[in-house]
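Each number in our numbering comes from the position in the sequence shown (counting from 1) with 3 added on. Quick reminder that beta carbons are idealized off the backbone N, C-alpha and C, glycines included. As the structure is a computational prediction, the values presented were derived from the model and not from experiment.
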Amino acid sequence: MGGNEFRFKQFTIRQDRCAMKVGTDGTLLGGWVDISGAEKILDIGTGTGLISLMLAQRSLQRCETLSLAQIDAVEIDVNSSIQARENVERSPWSDRVKIYNSSIQEYTEYCQKSMI
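Okay, structure coming up:
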């Protein structure tokens, strides 16, 4: 494993090409934020994709009859967005998390989000 991977119960984050590594703040935020009722989530500055993947996992755990949250993750850094996309593709939630390599100003998808 080593310092370039961070393993969770259901997914692994690779971070060797990302400037911002997995840390306590992102891990706590991903576990703490209230996502009840959120159907569309926007993760600005996703980095490795950690918070997006944690929220995808948590929305699945909370979902009984509600639809699962769709998550858009925006990252301006090219290498980080590539690695975030790879992390998402290796996860069980690749159908619900989309990575965009863009500034938030250029992110132009027109739809409302339940949570940012």
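| Item | Value |
| --- | --- |
| Rounded to the nearest angstrom, what separates Val77 and Glu92 at their Cα positions? | 16 Å |
| Report the three-state DSSP secondary structure of Arg17 (helix, strand or coil). | strand |
| Is it right to say Val100 is buried, meaning 16 or more other beta carbons lie within 10 angstroms of its own, or is it exposed? | buried |
| I believe Gln86 touches Gln18 by the beta-carbon criterion, under 8 Å. Please report the beta-carbon distance rounded to the nearest angstrom. | 7 Å |
| According to DSSP, what are the bridge partners of Lys101? | Asp75 |
| Please list, in chain order, all residues of the same chain as Lys24 whose beta carbon is under 7 Å from its beta carbon, the five residues on each side excluded. | Gln18 |
| Name the two residues that bound the continuous alpha helix (DSSP H) containing Asp37. | Where Asp37 is concerned, there is no enclosing alpha helix (DSSP H), given that its DSSP letter is neither H nor E. |
| Which residue comes first and which comes last in the alpha helix (DSSP H) that contains Glu109? | Taken as a continuous stretch (DSSP letters only), Glu109 belongs to no alpha helix (DSSP H), as it is neither H nor E. |
| Grab me the residues of Ser84's own chain with a C-beta within less than 6 Å of its C-beta, minus the 5 sequence neighbours each way, in chain order. | Glu78, Ile102, Asn104 |
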